Amino acid sequence: MNTVEQMVEEIRAEIANGEELEDIKDRSGEFIDSYLPVYYNRIIEEWKEMPSEYNDRGSAELGMGGEVNIYNLMSLDLYLYYSDLFNEAVEEVEESLELATVEAISEGAN
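So in numbering that gives the first Met the number 0, spot 58 of the sequence shown is number 57, and the numbers just go up one at a time.
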């Protein structure tokens with residue numbers, strides 16, 4: 000399963016390539032979609048690995064549109080899970096950027 004550390008590294012790489020953190024946050028849905036599995040066997044596997052607190056939350060929080068089947072329901076749960084991981088990764092990057100800014104200001108004052 001994908002981890003916060005992987006997301007942090009991807010976000011940092013995009014920032015290193017000139018992307019602004021706010022732009023990355025604006026594209027969060029696209030970012031999260033890239034983590035969602037497509038094949039049924041991967042959906043089942045990742046759904047089983049995610050924390051159980053996300054079970055059945057997707058349809059309740061995001062609603063259901065279109066065809067309803069177990070794979071769609073699992074995918075909605077996974078979307079919420081990866082959304083939370085993405086938010087955690089963004090917070091970690093923001094904290095490290097703030098720390099780097101404070102350190103740069105401190106060094107400049109010396």
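Built from N, CA and C at the ideal position, the CB exists for glycine as well. Just so you know, these numbers come straight off a predicted model, no measurement behind them.
Rounded distance between the beta-carbons of residue j and residue i, thought under 8 Å
i            : j             : result
serine 58    : leucine 72    : 6 Å
serine 82    : isoleucine 31 : 6 Å
aspartate 87 : valine 3      : Here residue 87 is glutamate; the residue named in the question, aspartate, does not match the sequence. 5 Å between Cβ atoms; contact.
Extent of the continuous alpha helix (DSSP H) to which residue i belongs
i            : result
aspartate 55 : Looking at the DSSP string, aspartate 55 is not in any alpha helix (DSSP H), and its letter there is neither H nor E.
methionine 6 : 3-15
Three-way DSSP call (helix, strand, coil) for residue i in this model
i             : result
arginine 26   : coil
glutamate 19  : coil
methionine 49 : coil
glycine 62    : coil
Residues of its chain near residue i, where Cβ-Cβ distance is below 7 Å and the 5 sequence neighbours each way are ignored
i                : result
tryptophan 46    : Met73, Asp76 and Leu77
phenylalanine 85 : Met6, Ser27, Phe30 and Ile31
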